[in-house]
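Worksheet for the structure shown next.
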Amino acid sequence: MDNFFKIVKESNFNLTTIFQEAPNESLLILFIFALILISLVFFVRHSIIKAKVIKDILSINELKTFDEYIEKIDFIIEQTPKRGVKAVETLSKNRDKVLSKAITLLNDLQIKEKINNYQYLSDNFLMLSTNIKNKYKNETLSNFLKDKSLELLNVNLYSQIEIYYKNTHFNEKEFNNINAIVSYANKQDNPWLILDGLIDTFKKLSFSYNLELFKFIEKLEKEKSKQIYEFCKDKIDNLFTSRKDEISVNILDYLYEKEEKEKVYDYIKTLELQSYLQQLYYLYFDKKQDLDLDLSFIANPIEIQNDYKNYIDNSLTSNWRDEKHIEYVSRAKGVLEVLGHEEFRSLIERVDRIKTDIENNKKIEEALKIAKRAESIAIEAKSFNQNSSKKNKTELVVQPKAD
Numbered sequence: 030m031d032n033f034f035k036i037v038k039e040s041n042f043n044l045t046t047i048f049q050e051a052p053n054e055s056l057l058i059l060f061i062f063a064l065i066l067i068s069l070v071f072f073v074r075h076s077i078i079k080a081k082v083i084k085d086i087l088s089i090n091e092l093k094t095f096d097e098y099i100e101k102i103d104f105i106i107e108q109t110p111k112r113g114v115k116a117v118e119t120l121s122k123n124r125d126k127v128l129s130k131a132i133t134l135l136n137d138l139q140i141k142e143k144i145n146n147y148q149y150l151s152d153n154f155l156m157l158s159t160n161i162k163n164k165y166k167n168e169t170l171s172n173f174l175k176d177k178s179l180e181l182l183n184v185n186l187y188s189q190i191e192i193y194y195k196n197t198h199f200n201e202k203e204f205n206n207i208n209a210i211v212s213y214a215n216k217q218d219n220p221w222l223i224l225d226g227l228i229d230t231f232k233k234l235s236f237s238y239n240l241e242l243f244k245f246i247e248k249l250e251k252e253k254s255k256q257i258y259e260f261c262k263d264k265i266d267n268l269f270t271s272r273k274d275e276i277s278v279n280i281l282d283y284l285y286e287k288e289e290k291e292k293v294y295d296y297i298k299t300l301e302l303q304s305y306l307q308q309l310y311y312l313y314f315d316k317k318q319d320l321d322l323d324l325s326f327i328a329n330p331i332e333i334q335n336d337y338k339n340y341i342d343n344s345l346t347s348n349w350r351d352e353k354h355i356e357y358v359s360r361a362k363g364v365l366e367v368l369g370h371e372e373f374r375s376l377i378e379r380v381d382r383i384k385t386d387i388e389n390n391k392k393i394e395e396a397l398k399i400a401k402r403a404e405s406i407a408i409e410a411k412s413f414n415q416n417s418s419k420k421n422k423t424e425l426v427v428q429p430k431a432d
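Shown next, in the form of structure tokens:
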């Protein structure tokens, strides 16, 4: 190296001369300088990031939204294990503050978002716990993070779910939240720790009079809300098949307007609550120009005040030439009981007469068509004969002989 410095001095720091005279020594010096520069850059960068980690930990309480918190905590979780004892100790001293801020900001979110974010924080706290334990042997911070990663789910999230379903007015906007709760519960070792309380809440609700709840149930997805979907679906199905339950007019109107009329018809046909059937009669019978709706009342054998006989008479009179209408009404359940055997027999005879008239009319129409066709053929034949006669006369004219 003495020779190298001598060359540097004699060359008056001319780099070209130095490289020519001592190439190996020049490369070694460049490598040393590069190593020093890289180390310096690394140290400066490390110091800047460490300072930012410490600053973010200390200023965690200043954050206003959970999105801001996630941005900061992701950085803290990723960088703290890499930035030395001071960063780890800072986090350890402020661990309660970091956790409580997360819980506070989570309170502003929808339950679906809470479920996702509680799980996210739990996973990342557990990962940070492992990294710190392996690298720094800081048992206090490591155990804290591990315990809190479990507590976030088993205590905090469980409590938030319970608060949600005990205080929520269920409407069709809530189906995504229930899907999320049930999906999360079914991933746990014992899903019924959550589902039992949720089902108990639904048991207290009015399925027969709550239209918003009815719409909510329609939105539930079987694959995502399995047990709740099945419970609510069974409740609704039982309403329509029990024959003993009142279903509110709001729900019946809703089904009728969305073209699920058959459900309304079947419900009215089988309803065994006399007083409620009477109410529905006043509201619906002969009010909507819907023959099937009116016939559903007539099909119900429960005795109520009604005007069925006049209705049937008017319907048949207004459509006395409509074979299909008369036959449809005559075959409807309950019509025989309303009219009595004598009038019903007259109705059947009327249908038969109309059928006979229709058949006779068809035969007459066919005969007229044949007659018109025959007339047309005769006219064509006559015209053809006249043309042929004229042609023959022209051919029979005798031409004079030439001299």
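Residue numbers (the numbering used here): 30 to 432.
Just so you know, even glycine gets a beta-carbon here, dropped at the ideal spot from N, CA and C.
Taking the Cα positions, E100 is about 50 Å away from N267.
Here the alpha carbons of T197 and V114 stand approximately 47 Å from one another. Rounded to whole angstroms, D96 and I102 show a C-alpha spacing of 10 Å. The alpha carbon of Y296 has as its nearest neighbour, out of D315, D225 and L324, the alpha carbon of L324.
In the DSSP assignment, R124 falls within the alpha helix (DSSP H) that extends over R124 to L135. Scanning its chain for C-beta atoms nearer than 6 Å, with the 5 sequence neighbours on each side dropped, one finds around E241 the residues N200, in chain order. The C-alpha of I132 lies about 21 Å from the C-alpha of I207.
In this structure, E275 sits away from L234, with a CB-CB distance that is not shorter than 8 Å. A check of alpha carbon separations from Y285 across A214, Y311 and K317 identifies K317 as the nearest.
By alpha-carbon distance to Y194, the top candidate from Q139, I105 and K162 is Q139. Bounds of the alpha helix (DSSP H) holding L224 are W221 to K232. DSSP, reduced to helix, strand and coil, places A361 outside both helices and strands of the structure shown, so it counts as coil. Comparing alpha carbon positions, the residue from E91, S129, L92 and I86 closest to Q108 is I86.
Nearest in C-alpha terms to L181, of all of K93, N136 and E366, is N136.
Cβ contact annotation for A116 (same chain, cutoff 7 Å, sequence separation greater than five): K79, V82, I83 and T109, in chain order. F173 and K162 have their C-alpha atoms some 11 Å from each other. Counted as a single uninterrupted DSSP element, the alpha helix (DSSP H) harbouring S151 occupies residues I140 to Y165.
Rounded to the nearest whole angstrom, the C-alpha separation of K232 and V211 is 16 Å.
Put simply, the backbone Cα of N153 is about 21 Å away from that of S188. Residue state for H198 is assigned as coil, using DSSP reduced to three classes. Between L312 and V364, the CB-CB gap reaches or exceeds 8 Å. Taking the CA atoms as reference points, W349 sits about 15 Å from R374. The alpha carbon of N329 has as its nearest neighbour, out of E259, Y213 and K362, the alpha carbon of K362. Following the DSSP letters along the chain, one finds Y98 inside the alpha helix (DSSP H) bounded by residues F95 to Q108.
Between V127 and I89, the gap from beta carbon to beta carbon is short of 8 Å.
For a cut-off of 8 Å, the C-beta gap from F204 to K248 is around 4 Å, short enough to register as a contact. Note on geometry: alpha-carbon atoms of L306 and I280 lie some 15 Å from one another.
Assignment of E252 by DSSP, reduced to helix, strand and coil, places it in the coil class. Using a 10 angstroms sphere on the CB of R382, the tally of other CB atoms stays under 16, which defines it as exposed. Take the alpha-carbon of K143 and the one of E252: they are about 21 Å apart. Apart from the 5 residues on each side of it in sequence, N146 sits with its Cβ closer than 8 Å to the Cβ of F95, I99, L135 and L138 in its chain, given in chain order.
The three-state reading of DSSP puts L302 in coil, since its state is none of H, G, I, E or B.
Secondary structure at K292: helix, using DSSP grouped into helix, strand and coil.
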